[in-house]
Amino acid sequence: MHAENDDTVSVDYSKTFESRLEAVGAEVHTSYFADVHDTSGRFDDEDGNPHQYSGHWSWVYFDNNECVDENNLNCWQWISQQTKLDNNVASGSQTAYIIGDDWGPAVSKTIVEFDKVIDSASLNASDFLVTEEKQATVDWGTGEVGIASAQRQVTKVYPSDANGNAVDGDSKYVTIEMYVDPNTGSPFIYNVNSGFNSWCETYRLLIRLNPGEVVTSGGEALTSVDVKADIDVAGDEKIVPQVDGIFDLNQKYTASDGTLYNYATYTPEKDDKQNALVIWLHGAGEGTNNGKNDSYIDLLGNEVTAFASEEFQSEFDGAYVLVPQAATMWMDGGNGVYQNGDLGSIYTESLMEFIKDYVANNPDVDPNRIIIGGCSNGGYMTMEMILTYPDYFAAAFPICEAFQDQYITDAQIEAIKDMPIWFTYAKNDTTVNPTLCAEPTIERLLAAGAQNIHVSAFDDVHDTTGRFVNADGTPYQYNGHWSWIYFDNNECIDGELTAWHWLGQQVKSASSVDTPTEVTKPSTGSGSTTTSTAVKTGDDLSLLGLGVLMALSATTYTVARKRYH
1 MHAENDDTVS VDYSKTFESR LEAVGAEVHT SYFADVHDTS GRFDDEDGNP HQYSGHWSWV
61 YFDNNECVDE NNLNCWQWIS QQTKLDNNVA SGSQTAYIIG DDWGPAVSKT IVEFDKVIDS
121 ASLNASDFLV TEEKQATVDW GTGEVGIASA QRQVTKVYPS DANGNAVDGD SKYVTIEMYV
181 DPNTGSPFIY NVNSGFNSWC ETYRLLIRLN PGEVVTSGGE ALTSVDVKAD IDVAGDEKIV
241 PQVDGIFDLN QKYTASDGTL YNYATYTPEK DDKQNALVIW LHGAGEGTNN GKNDSYIDLL
301 GNEVTAFASE EFQSEFDGAY VLVPQAATMW MDGGNGVYQN GDLGSIYTES LMEFIKDYVA
361 NNPDVDPNRI IIGGCSNGGY MTMEMILTYP DYFAAAFPIC EAFQDQYITD AQIEAIKDMP
421 IWFTYAKNDT TVNPTLCAEP TIERLLAAGA QNIHVSAFDD VHDTTGRFVN ADGTPYQYNG
481 HWSWIYFDNN ECIDGELTAW HWLGQQVKSA SSVDTPTEVT KPSTGSGSTT TSTAVKTGDD
541 LSLLGLGVLM ALSATTYTVA RKRYH
């Protein structure tokens with residue numbers, strides 16, 4: 001009960017508390033009054049209206065038994081009917097089950113460990129209601145951070161083990177699966193002011209029984225569940241199946257200039273040969289933020305976990321994966337200030353020192369199959385590394401790269417023209433303008449005689465899984481900058497050649513130029529391709545004009561004079 005004109009304690013306090021109680025299934029009765037005035041008829045103000053008390057004095061109504069809810073239930077009568085129920089409460093804690101997906105991480109399950117064994121036959125998807133509350137950017141204009149709340153859609157409930165694997169029979173572990181999408185369930189927060197992703201400092205799942213549903217333990221119905229809502233997603237209260245036990249995390253390397261790198265690695269299965277090394281350079285948001293972020297931020301911010309997949313590894317017949325993190329961002333020209341290639345990155349020399357040290361201490365790495373790539377900031381750094389060290393790497397795969405072409409000299413173009421490079425970007429990228437970066441660089445490489453350049457230029461970045469659609473039924477649109485999604489899903493295709501397969505074939509050799517293979521031309525609309533043995537020159541190839549509607553409704557095109565081992 002509260003008066004709307006209470007200027008001592010705002011009515012919003014009561015209404016907020018009411019909403020939170022209702023969100024967890026509480027039965028709530030309310031009496032809200034516009035003001036507090038005499039109802040006895042004894043006292044009038046000078047204008048003849050009932051005398052006004054302070055808006056804070058809403059107890060006057062209770063003391064006069066004048067509090068009635070929306071169903072005309074009298075408060076005194078309601079109080080007289082209340083009795084304490086014999087509760088059968090199951091208490092517990094929970095572990096977040098986090099997956100990496102196209103857009104980043106998502107909490108797709110929570111594994112609840114109860115203090116009672118729950119009867120498996122009583123479990124159904126409709127049994128539990130889950131509310132997510134987490135730290136989030138609530139105003140993208142100002143960067144204000146607050147707590148966001150949303151109902152999670154429960155899709156499945158079942159008895160499980162401690163890792164969320166379904167089991168037969170009763171169990172004290174119950175796994176609750178929840179729907180996820182690009183806007184639902186992320187345990188990360190992107191801080192506009194810092195420019196970094198990080199784990200949510202506050203992440204909680206409020207779990208309650210759905211009224212009318214019956215969950216039993218030992219045949220007795222539970223009256224409620226009391227599950228610890230707060231989950232330390234940055235700590236040990238999580239399972240990340242695409243990372244845990246697969247990548248070695250949070251390793252450290254200090255370069256001779258004092259630069260500290262946090263890094264993760266993947267090691268392929270032992271065999272009787274040397275293996276390729278794939279180096280991934282992260283985007284701006286996945287650095288350590290001067291030591292505050294861990295390897296999970298890098299591996300999950302973009303779906304780097306794909307590099308440990310069976311499909312990716314099979315293309316290389318086993319490859320090491322090295323995932324270093326900069327303390328700030330790769331484009332840092334000094335003092336945390338962005339530059340576009342005009343000043344150069346402060347990390348160039350120390351990163352190369354780190355890579356060489358890693359290779360020197362891992363004799364199973366084939367020094368002729370060291371491949372470097374990355375997205376956005378990491379795409380920039382990929383370009384800087386191959387421009388600075390053109391003879392070291394076997395191939396490169398810059399994605400939505402941000403190295404402005406105006407800062408690349410003709411001598412640098414000449415130095416990398418024989419390097420195998422696969423460029424990926426989306427034409428509607430509003431974060432990094434491809435007409436200032438990738439496109440003119442590609443044109444110059446072709447004009448210089450490059451023979452092993454591939455380009456995947458997409459019209460946009462959209463869901464290709466069929467899981468997410470817009471209101472009009474078209475595929476869900478991601479930010480046009482996120483073209484790494486296509487690469488991580490092995491959807492960068494040139495004719496019948498995929499980027500993953502192509503990368504797996506690249507070997508640095510003394511003779512880096514072979515006779516050009518057939519060039520795939522854009523189709524005229526049928527979706528098929530035609531081939532020609534004629535070698536196209538860079539002069540008559542229009543990058544902006546080329547386009548072919550391929551699978552996934554994305555545009556890819558072949559750049560002239562391609563060849564691969």
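The opening position of the sequence shown corresponds to residue 1 in full-length UniProt numbering, with each subsequent residue numbered one higher. C-beta atoms are modelled at their ideal positions from N, C-alpha and C, and glycine is treated no differently. The structure displayed is predicted, hence computed values, not measured ones.
> Cβ atoms of Y425 and A457: under 8 Å apart, would you say?
Replying inline: The Cβ-Cβ distance between A457 and Y425 falls below 8 Å.
>> Please state the DSSP three-state secondary structure of E286.
In response: Helix, per DSSP.
>> Whole angstroms are fine: how far does the CA of L260 sit from the CA of A276?
In response: One C-alpha to the other measures close to 25 Å.
> Is V11 helix, strand or coil when you go by DSSP?
Replying inline: The three-state reading of DSSP puts V11 in helix, counting H, G and I together.
> Would you report the Cα separation of T184 and A308, rounded to the nearest angstrom?
Replying inline: For T184 and A308, the distance between alpha carbons rounds to 25 Å.
> Would you report the Cα separation of N64 and Q82, rounded to the nearest angstrom?
Replying inline: In this structure, the alpha-carbon of N64 lies about 20 Å from that of Q82.
>> Please identify the residue among V36, S149, W140 and S126 whose C-alpha is closest to the C-alpha of T16.
In response: Measuring from the Cα of T16, the nearest candidate turns out to be S149.
>> Using only CA atoms, which one of D35, S171 and E439 lies nearest to V60?
In response: Residue D35 is the option with its Cα nearest to V60.
> Over what stretch of residues does the beta strand (DSSP E) that includes R444 continue unbroken?
Replying inline: Segment A438 to A447 is the alpha helix (DSSP H) holding R444; no beta strand (DSSP E) there.
> Looking at the unbroken alpha helix (DSSP H) that takes in K273, where does it start and where does it end?
Replying inline: Membership of K273 in any alpha helix (DSSP H) is not indicated, and neither H nor E is assigned to it by DSSP.
> Rounded to a whole number of angstroms, what is the C-alpha to C-alpha distance between F354 and N361?
Replying inline: Going by C-alpha positions, F354 is about 11 Å away from N361.
> Q406: which of N433, A395 and D7 sits nearest, CA to CA?
Replying inline: Each of N433, A395 and D7 was checked against the Cα of Q406, and the nearest Cα belongs to N433.
> CB-CB under 8 Å to S256, same chain, minus the five flanking residues each way: which ones, in chain order?
Replying inline: Counting only Cβ-Cβ distances below 8 Å, and skipping sequence neighbours, we find S350 and E353.
> Using the beta-carbon count (16 or more within 10 Å), is Y266 buried or exposed?
Replying inline: That one is buried.
>> I'd like the list of long-range same chain contacts for D230, defined as Cβ closer than 8 Å, with 5 residues on each side in sequence excluded.
In response: The residues are T202, Y203 and R204.
>> Three Cβ pairs or more, each shorter than 8 Å: is that satisfied between the region 91 to 107 and the region 233 to 241?
In response: Counting Cβ pairs under 8 Å, three or more are found: they touch.
> Three or more beta-carbon pairs under 8 Å between the region 98 to 111 and the region 244 to 258, yes or no?
Replying inline: Proximity of the region 98 to 111 to the region 244 to 258 falls short of the contact definition, fewer than three beta-carbon pairs being nearer than 8 Å.
>> Can you tell me whether G146 is helix, strand or coil according to DSSP?
In response: G146 falls in the strand class under three-state DSSP.
>> Please tell me whether F128 and V107 are closer than 8 Å, where the distance is taken between their beta carbons.
In response: Here F128 is not near V107, since their CB atoms are 8 Å or more apart.
> Shortest alpha-carbon distance to A438 belongs to which of Q451, I421, M331 and E113?
Replying inline: Residue I421 is the option with its Cα nearest to A438.
>> Once DSSP output is grouped into helix, strand and coil, what is the label at T184?
In response: Annotated three-state conformation of T184 is strand, per DSSP.
> By how many angstroms is the C-alpha of C375 removed from the C-alpha of S345?
Replying inline: Roughly 15 Å separates the two Cα atoms.
>> Does W139 pass the burial test, meaning 16 or more other C-beta atoms within 10 Å, or should it be called exposed?
In response: It should be pointed out that residue 139 corresponds to Asp in this sequence rather than to Trp. Per the 10 Å Cβ criterion, exposed.
> From Q151, K292 and W500, pick the residue whose C-alpha is nearest to that of D317; which is it?
Replying inline: Of the listed residues, the one whose Cα sits closest to D317 is W500.
>> Along the chain, where does the alpha helix (DSSP H) containing T382 start, and where does it finish?
In response: That run of the alpha helix (DSSP H) goes N377 to T388.
> Are F312 and F397 close, meaning C-beta to C-beta below 8 Å?
Replying inline: Cβ distance not < 8 Å, so F312 and F397 don't count as in contact.
> Using CA coordinates, which residue listed in G336, H282 and A402 is at the minimum distance from residue 570?
Replying inline: Residue 570 cannot be examined here, being either before or after the span of the chain that is shown, 1 to 565.
> CA-CA distance, G258 and T348?
Replying inline: Pairing G258 with T348, the inter-Cα distance amounts to about 13 Å.
> For V461, which of N428, G473 and T435 has the nearest alpha-carbon?
Replying inline: Nearest C-alpha to V461: N428.
> With 16 as the cutoff for other CB atoms within 10 Å, does residue 654 come out buried or exposed?
Replying inline: With the chain covering only 1 through 565, there is no way to say anything about residue 654.
> Counting only runs that start and end within the region 388 to 414, where is the beta strand (DSSP E) found for 3 or more residues in a row?
Replying inline: You should have 395 to 399.
> By a C-beta neighbour count over all protein chains shown, 10 Å radius and 16 as the cutoff for buried, is P211 buried or exposed?
Replying inline: Of the other Cβ atoms in all chains shown, fewer than 16 fall within 10 Å of the Cβ of P211; this residue is therefore exposed.
> Counting pairs of beta carbons, one from the region 107 to 125 and one from the region 172 to 186, are three or more of them closer than 8 Å?
Replying inline: Because the criterion of three Cβ pairs below 8 Å is met, the region 107 to 125 and the region 172 to 186 touch.
> Roughly how many whole angstroms lie between the Cα atoms of Y557 and A319?
Replying inline: Annotation note: pLDDT 34 at Y557 (below 50); position unreliable, coordinate value reported separately. Taking the straight line from one Cα to the other gives about 27 Å.
>> Could you compute how far the alpha carbon of N87 sits from the alpha carbon of L222?
In response: Taking the straight line from one Cα to the other gives about 8 Å.
> Quick one, are the C-beta atoms of C200 and Q135 less than 8 Å apart?
Replying inline: Going by beta carbons, C200 and Q135 fall inside the 8 Å limit.
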